[in-house]
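What follows is a single structure, written as structure tokens, with notes after it.
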Amino acid sequence: MIEEEARERILAAAEELYYRKGYAAVGMDELRAAAGVSLRRLYALFPAKTDIVASVLKRKHHEWETSLAAAVGDAGSDPRTRLLAVYGYLEEWFCTDGFRGCAFINAFGELGGTNPEVASIVREHKASFQRYMADLVVAAGAPASLAAQLSILAEGAQSTAAISADPQVAVQARSAAEVLIDAAMP
9 MIEEEARERI LAAAEELYYR KGYAAVGMDE LRAAAGVSLR RLYALFPAKT
59 DIVASVLKRK HHEWETSLAA AVGDAGSDPR TRLLAVYGYL EEWFCTDGFR
109 GCAFINAFGE LGGTNPEVAS IVREHKASFQ RYMADLVVAA GAPASLAAQL
159 SILAEGAQST AAISADPQVA VQARSAAEVL IDAAMP
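Following this line, the structure appears as structure tokens:
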């Protein structure tokens, strides 16, 4: 098995296990077995568990950005519709099998207080989402303050949907976003 293939198998297994069971609950031996690699190979590629967690979160960040941008792009060119597409994307995500909330919020909850690297990655991911929303708001010609309000709705929807197991939280967040957008737009 070549190094890149082993790395991909480890990261795919880690992503699935961490999301399903939690970051702290998954040991290196369980990860090794799920990835089908030796413990020696695992430690050669990732000397510490933090290295794996950081790599998984970076993959999730790329996946989030790509998927969200595609959903917004598919919404067309109307700025209001593009803003609301964020909540449609959330609803689709909340309806997926095994939805357990935001991997970043989960990582921060488990590791953020004791692992500065994980906390930094999570903070940057959330700041990146805020910047993305700000770009959408600017394109819509709305006041900059709307970006933070819409972001908070999306973040709250993620946590609430994970706890309640109710994907309709995204519909409620979208309704609230419509009110905020309509109030902010001239």
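The sequence shown finishes on residue 194 if you use the numbering used here, and the numbering steps up by one all the way, no holes.
Idealized CB from N, CA, C, for every residue including glycine.
If you're wondering where the values come from, they're calculated on a predicted model, not measured in any experiment.
Between V130 and F102, the C-beta gap is not smaller than 7 Å, which leaves the two residues out of contact. Taking a 10 Å sphere around the C-beta of R182, we find 16 or more other C-beta atoms and assign the residue as buried.
R67 has its alpha-carbon roughly 18 Å from the corresponding atom of A42. In this structure I60 is buried. Its beta-carbon is surrounded by 16 or more other beta-carbon atoms within 10 angstroms. Check the Cα spacing between D190 and each of A170, E163, L158: the tightest is with L158. In this structure, the straight-line span from the alpha carbon of R40 to that of I18 is close to 7 Å. The beta carbon of A127 lies closer than 7 Å to those of F116, G120 in the same chain, with the five residues before and after it left out. With fewer than 16 other CB atoms across the displayed protein chains lying within 10 angstroms of its CB, R139 is exposed.
DSSP places M193 in the coil class of the three-state scheme, outside both helix and strand. The distance from the Cβ of A185 to that of L91 is about 7 Å, consistent with a contact at the 8 Å cut-off. Residue Q166 holds the alpha-carbon nearest to the alpha-carbon of C110 among A22, A32, Q166. Your pair P87 and A178 does not check out as a contact, with CB atoms roughly 20 Å apart and the cut at 8 Å.
Assignment of P151 by DSSP, reduced to helix, strand and coil, places it in the coil class. Comparing alpha carbon positions, the residue from D143, S136, E11, Y31 closest to N123 is Y31.
Separation of R49 and E12 (C-alpha to C-alpha, rounded to the nearest whole angstrom) is 11 Å. The beta carbons of Y97 and A83 sit no closer together than 7 Å.
Comparing C-alpha distances from E118 to each of A173, D105, Y27 shows the shortest one belongs to Y27.
The shortest C-alpha to C-alpha distance from L188 to any of A156, Q176, G164, A169 is the one to A156.
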